[in-house]
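Protein sequences appear in the order of chains U and G. Numbers 2 to 356, taken from this note's numbering, label the letters of the first sequence in order. Numbers 5 to 78, taken from this note's numbering, label the letters of the second sequence in order. Note sheet for the following structure.
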Amino acid sequence: MNFTFHRKRITGVLVVVPENERSFSEDMKNFNFPEARSLKLKEVMGFDKRRVVEPGVCVSDLAVFGLEQLFNRGLLHRDEIDALILVTQTPDHFVPATSSIVQGRLHLKPDMLCLDISQACAGFVVGLMQTFMLLEQESIKKVVLINADVLSRKASPKDRNIYPLIGDAAAITVVERDSEDSVIHASLKMDGARGHALTIPAGGLRMPATLETAILEDVGDNNLRAKDHLFMDGAAIFNFVQTEVPPLIEGLLATAGVSKDAVDYFLCHQPNRFMLQKLADKMKVPHAKMPNNVVERFGNNSGVSIPTVITYDLGDRLLREKLQVCLAGFGAGLTWCAMLVSLGKLDFNLITEYK
Amino acid sequence: MDKIIFYEQLAKILDLEEVKPENVLIDFEAWDSLSVLSVLAMADAKYGASIKAEEIRSVVTAADLADLVASKQK
């Protein structure tokens with residue numbers, strides 16, 4: 002379905018990555034896997050370095066750290082936050098919402114809205130849509146969108162399909178009303194019937210976490226995984242992205258009346274370099290217009306991947322100029338969505354390290 | 005579809021000199037998840053064939069794989 006938003010703009014992005022860096026080559030030594038194939042994986046998929054939290058670090062820790070940095074640097078004032086949207090699939094607790102935990106830890110004013118959204122790799126676009134809708138309210142002038150996940154804590158260290166590629170991170174995006182008469186187009190689709198391709202089977206109420214769900218099981222190809230761990234059917238997800246994402250983006254551009262050439266960058270979720278190159282090929286977009294280098298520096302960091310591309314690849318440039326960008330997120334749900342937005346003249350666009 | 009060219013493309017994915025139609029895919033050391041993804045991408049890019057991962061996993065020989073791609077070719 003299509004969405005249109007008027008007079009809204011992103012005014013700043015801060016990405017928080019854990020200080021702790023792991024190396025793909027080192028991690029792969031723990032697997033019974035030919036070294037030549039590991040090298041090939043590294044070369045084709047772009048797996049290299051990734052950032053993961055130390056044991057015990059939660060989503061609210063990364064979020065509070067990032068917001069405090071913004072307060073301390075004078076880039077955001079705690080009293081001006083009218084709504085806090087937190088998008089995660091790895092919340093601190095079932096109850097209360099992690100957005101409320103963040104509000105409490107930072108002593109934010111009670112006169113505000115805190116809301117959690119359960120989304121993963123599509124979470125940046127879905128979260129932005131929610132911020133735009135809230136800004137229709139007169140009482141809401143500034144919304145903080147937090148995307149954060151610590152999925153490394155849910156990855157089996159014995160599962161080669163997941164463990165060596167997952168990264169943890171948080172992003173803080175400030176969204177406000179635009180004084181110019183701007184229009185943002187978005188398009189979104191969901192298919193819960195295919196949701197089993199990306200799931201954590203145990204830990205909710207359908208299958209509570211027990212000693213049994215923590216037992217590592219042989220899932221083939223020398224991989225071991227427990228029901229407490231994240232499962233991803235990589236090939237099914239690849240198919241899903243190649244099949245569903247190009248027509249979604251093409252439909253969005255057609256609705257907006259914008260040609261592919263008029264888009265400066267396609268800033269997509271970053272599962273791996275291979276998938277993004279194939280996506281660009283399928284859409285007949287030059288590889289240089291669709292950055293694919295986040296996974297090699299930070300790992301696949303779920304809903305933080307698009308803010309990571311924005312800060313890591315376009316950094317200072319977006320402080321000075323405005324670019325026409327197409328954002329695209331796709332993943333758990335299944336959910337796939339895209340947004341055409343004029344991005345730039347930001348107040349800040351930074352990456353910081355969580356210590 | 006020219007099957008000789010298909011086997012060459014398959015050999016390239018598997019880092020081999022050549023692949024014969026009767027070769028069993030799981031006997032190749034390089035037949036892993038990366039190769040499956042590479043075949044999906046190759047079938048899509050070169051033949052416009054959209055194949056599901058489970059369909060690839062159910063084929064046995066290189067010839068079966070060629071037949072599968074040919075049957076899905078647009």
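Backbone N, C-alpha and C define an ideal beta-carbon position, used for all residues, glycine too.
Check: Interface residues of the region 39-69 of chain G facing chain U [CB-CB below 7 Å]; Outcome: V40, L41, L44, A45, D48, A49, S54, K56, A57
Check: For K50 of chain U: DSSP bridge partner residues; Outcome: U:S24
Check: Coil, strand or helix - D68 of chain G by DSSP; Outcome: helix
Check: Where T89 of chain U sits in the DSSP three-state scheme; Outcome: coil
Check: Residue interval of the alpha helix (DSSP H) (run including E59 of chain G); Outcome: 57-61
Check: Selection from U:G334, U:T12, U:P248 that minimises the alpha carbon distance to T200 of chain U; Outcome: U:G334
Check: Beta carbon proximity, S75 of chain G to chain U, threshold 7 Å; Outcome: no
Check: Chain G contact for F239 of chain U (CB, 7 Å cutoff); Outcome: yes
Check: Paired residues, beta bridge with G330 of chain U - DSSP; Outcome: U:C338
Check: Minimum Cβ-Cβ distance from A236 of chain U to chain G less than 7 Å; Outcome: yes
Check: Check whether D150 of chain U and T89 of chain U have beta carbons under 7 Å apart; Outcome: yes
Check: Touch test, the region 31-44 of chain U against the region 326-342 of chain U, Cβ-Cβ under 8 Å, three pairs minimum; Outcome: no
Check: Listed by chain order, chain U residues near E33 of chain G by CB distance under 9 Å; Outcome: P35, A37, R38
Check: For M233 of chain U, the nearest candidate out of U:L87, U:H197, U:D28, U:K142 (CA to CA); Outcome: U:H197
Check: Length of the line joining the Cα atoms of M46 of chain G and A70 of chain G; Outcome: 12 Å
Check: Proximity of L347 of chain U and L319 of chain U at Cβ, strictly below 7 Å; Outcome: yes
Check: N-terminal and C-terminal residue of the beta strand (DSSP E) that M191 of chain U is part of; Outcome: 184-191
Check: Buried versus exposed call for I77 of chain G [16 or more other C-beta atoms within 10 Å across all chains shown]; Outcome: It is worth fixing the name first, because residue 77 of chain G is Gln in this sequence and not Ile. Q77 of chain G should be labelled exposed.
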